[in-house]
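Peer 1: Pasting in a structure now, in structure tokens, and then I'll have a few things to ask.
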Amino acid sequence: ESNGDFVFASLIDGELNYTITNLTKATYEEQILYEGRPSYFYLAFDGSRDASGIGKMRYWRGQVQLEP
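The following block contains the structure:
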């Protein structure tokens, strides 16, 4: 599960290979594959306070061996 814009994944012999774009979190069943950390964003053009939140990772690629 992910909030990414594009996900490509393959599962072969228990190994999950994946590429995800523009995401903040990705999971497979109960396992977290990627989770962004909170940060501050300093581009408040209206003079408001710095905003905190989780920015989107532009591109993430990984592989994980899944337990049977």
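Residues 1416 to 1483 in our numbering are what the sequence shown spells out, letter by letter.
Just so you know, even glycine gets a beta-carbon here, dropped at the ideal spot from N, CA and C.
1) Where do the N-terminal and C-terminal ends of the beta strand (DSSP E) with Thr1436 fall, by residue?
2) Can you give me the Cβ contacts of Asn1432 inside the same chain, cut-off strictly under 6 Å, excluding the 5 residues immediately before and after it?
3) Since Ser1417 is in the beta strand (DSSP E), which residue starts that stretch and which ends it?
4) Residue range of the beta strand (DSSP E) that Glu1450 falls in?
5) Apply the 10 Å Cβ neighbour rule to Ile1497 and answer buried if 16 or more other Cβ atoms are within range, or exposed otherwise.
6) Between Ser1417, Asn1437, Tyr1457, which has its C-alpha nearest Glu1445's C-alpha?
Peer 2: Taking the structure as given:
1) Here the beta strand (DSSP E) through Thr1436 covers 1430-1438.
2) Excluding residues within five positions, the ones whose Cβ falls inside 6 Å are Ser1425, Gln1478.
3) Per DSSP, Ser1417 lies in no beta strand (DSSP E) segment and is marked neither H nor E.
4) Its beta strand (DSSP E) spans residues 1446-1450.
5) With the chain covering only 1416 through 1483, there is no way to say anything about residue 1497.
6) The residue with the shortest Cα to Cα distance from Glu1445 is Ser1417.
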